[in-house]
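Enquirer: Under UniProt numbering, the residues of the sequence shown are numbered 1 to 82, in order.
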Amino acid sequence: MGIHSLLYCERLFYLEEVEGVLIADDRVYAGRTLHEELEPNEDSSGRIESFHYTSEKLEISGKVDRIQKRDSSKPSRMKQID
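Right, dumping it as structure tokens:
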């Protein structure tokens, strides 16, 4: 992939190989949509999958792929991804 990126665009090569920035294209977004349609958000075993989590205290925000619960507790400030 690196040589292809270098020949295609030196700036893209630098971003991907040196900075580690990967550019998402239409195929990536189509795959994400398919993935979201195939997996339910919560199953009977108590696993919660794919939700957005934000912590103002820690100043972080991101997508969590899976949390497995052992009791009835839930993370605070949980939002479903649309």
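No residue lacks a Cβ here, since even glycine has one placed at the ideal position from N, Cα and C.
#1: Which residues in the same chain have their Cβ closer than 8 Å to the Cβ of S61, if we skip the five residues on either side of it in sequence?
#2: Taking just the CA atoms, how far does D71 sit from E19?
#3: Under 8 Å between the Cβ atoms of L22 and E16?
Expert: Well, looking at it:
#1: These residues qualify, in order along the chain: H52, Y53, T54 and S55.
#2: Cα-Cα distance, rounded: 41 Å.
#3: In this structure, E16 lies closer than 8 Å to L22 by Cβ.
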